[in-house]
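In case it helps, the working numbering puts the sequence shown at residues 284 to 580.
Here a beta-carbon is modelled for each residue, glycine too, at the ideal position from N, C-alpha and C.
These notes concern the structure reproduced below.
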Amino acid sequence: MGKLAVITDLHVDINHLNEPELLLLRDYLEEQEITHLHLAGDIANQADRAIQTAAFFEQRLPTTFHWGNHEMASLTNEEDFEDYREPRFLNFDTVELSSSKVLLGVNGWYDYRFSDMKDQKEILRLKNLFWYDRMIQREGTDPQISQRICSRLAEVLSRIPTEKKIILATHFVPKEEFIIHHTGKYTRWNHLNAFLGSKEFGETLSGFSNIEQVVFGHTHRRFGEQWIDDVLYHCRPFGYYFEWQLTREFVFENQLVDIFNPTKMRGLLRKHQTAFDNYRAVHLLEEFQRGMTVIEY
Ligand SMILES: [Fe+2]
Ligand SMILES: [Fe+2]
Numbered sequence: 284m285g286k287l288a289v290i291t292d293l294h295v296d297i298n299h300l301n302e303p304e305l306l307l308l309r310d311y312l313e314e315q316e317i318t319h320l321h322l323a324g325d326i327a328n329q330a331d332r333a334i335q336t337a338a339f340f341e342q343r344l345p346t347t348f349h350w351g352n353h354e355m356a357s358l359t360n361e362e363d364f365e366d367y368r369e370p371r372f373l374n375f376d377t378v379e380l381s382s383s384k385v386l387l388g389v390n391g392w393y394d395y396r397f398s399d400m401k402d403q404k405e406i407l408r409l410k411n412l413f414w415y416d417r418m419i420q421r422e423g424t425d426p427q428i429s430q431r432i433c434s435r436l437a438e439v440l441s442r443i444p445t446e447k448k449i450i451l452a453t454h455f456v457p458k459e460e461f462i463i464h465h466t467g468k469y470t471r472w473n474h475l476n477a478f479l480g481s482k483e484f485g486e487t488l489s490g491f492s493n494i495e496q497v498v499f500g501h502t503h504r505r506f507g508e509q510w511i512d513d514v515l516y517h518c519r520p521f522g523y524y525f526e527w528q529l530t531r532e533f534v535f536e537n538q539l540v541d542i543f544n545p546t547k548m549r550g551l552l553r554k555h556q557t558a559f560d561n562y563r564a565v566h567l568l569e570e571f572q573r574g575m576t577v578i579e580y
């Protein structure tokens, strides 16, 4: 029997993960007898750094990865988005986990259909105002890109023999069940659900009964796991340090705030840097454990 670990949104650069911290994670994966690690995007802002990170883990255990939106901002060739030439890059491709099970990696994309806003021009305007992905240069509109990806996904899935069970890893949200619909003063955030994932991607998956489990991230909100139509979906992104549970516990234990608002944490943590660093050193392993999905196969 083997054990697959999937980690999304490691963000090694934004989280300032240094070598001892990455060693802590790698040692833990080894101790847990993980037989395959897959990094499902947002490993780093630069593709090179993401590849280096995958290579670091592969010194000890078989490792694959695909992109998230963060790496994509550093890509300049169109073919590098979906067909990057690197042996560990797993996109529209499978690795055999056992004789009856494969891991399929797919970056994915978004089609705006999770937004409450229907006007695509207005959605694009918001993207260019607020969203990190405005820096990503690729061919086609977002709905067109997403549609291309869904067609290729259906093609790849139809080539996998039905007796092979599939664990699919992707970066973006495939099902509406994981989209938060805000109310009150946060209602305007519902517009930005446009960039979280693709409804068509989820619909495409529904046509293939050999898909057993799906792991994704990008939300930076941990939903845990949920069964939808006999498929087990997992969402436990590692996320940014100012969103972590350990950070929440640090600020509450030290009575630094009454309400936890991640967007206001960076400045606050800087003011208590040494105490936070010490707290982080003690609790980081727990955060790694919460921010990964382990699947026995
Ligand atoms: Fe992320
Ligand atoms: Fe992301």
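With 5 Å as the limit, the residues whose C-beta approaches any heavy atom of ligand 2 more closely are Asp325, Gly351, Asn352, His501, in sequence along the chain. The alpha carbon of Leu373 has as its nearest neighbour, out of Leu451, Gln342, Leu529, Phe571, the alpha carbon of Leu451. Measuring C-alpha to C-alpha distances from Met548 to each of Glu354, Val534, Ala356 identifies Val534 as the nearest. Inter-residue distance for Arg505 and Ala323 is about 15 Å (C-alpha atoms, whole angstroms). Under the DSSP assignment, Ser357 falls outside any beta strand (DSSP E); it carries neither an H nor an E label. For Gln496, the uninterrupted beta strand (DSSP E) run begins and ends at 494-499, by DSSP. Each of Asn493, Pro303, Phe571, Asn476 was checked against the Cα of Met400, and the nearest Cα belongs to Asn476. Within the chosen limit of 7 Å, ligand 1 does not reach the beta carbon of His321 with any heavy atom.
As computed with DSSP, Cys433 is found in no beta bridge at all.
The beta carbon of His503 sits closer than 7 Å to at least one heavy atom of ligand 1. Between the stretch 336-348 and the stretch 400-413, the count of C-beta pairs closer than 8 Å stays below three; the two stretches do not touch.
Look at Thr346 here: in three-state DSSP terms it is strand. With respect to Gly480, Gly423 sits apart: the two C-beta atoms are not nearer than 8 Å.
The nearest non-hydrogen atom of ligand 1 is less than 7 Å from the C-beta of Asp292. Contact between Asn411 and Lys448 does not hold, since their C-beta atoms are separated by about 41 Å, which reaches or exceeds 8 Å. Taking 8 Å as the cut-off, the Cβ atoms of Leu409 and His474 count as close.
Per DSSP, Leu307 is one residue of the alpha helix (DSSP H) stretching across 302-314.
In the three-state scheme derived from DSSP, where H, G and I count as helix and E and B as strand, Gln538 is classed as coil. With 16 or more neighbouring CB atoms inside 10 Å of its own CB, Ser398 falls in the buried class. The DSSP-derived three-state label of Thr377 is strand. DSSP, read as helix, strand or coil, puts Val565 in helix.
Considering only Ile334, Leu387, Leu539, the residue with the shortest C-alpha distance to Val439 is Leu387. When C-alpha distances from Glu460 are compared across Trp510, Lys384, Pro545, the shortest belongs to Trp510. The continuous stretches of alpha helix (DSSP H) do not include Thr453, which lies in the beta strand (DSSP E) extending over residues 448-453.
Within a 10 Å sphere around the beta-carbon of Leu306 sit fewer than 16 other beta-carbons, which makes this residue exposed. Leu287 is positioned such that its CB atom lies closer than 8 Å to that of His319. Taking C-alpha positions only, Ile290 is separated from Asp541 by approximately 31 Å.
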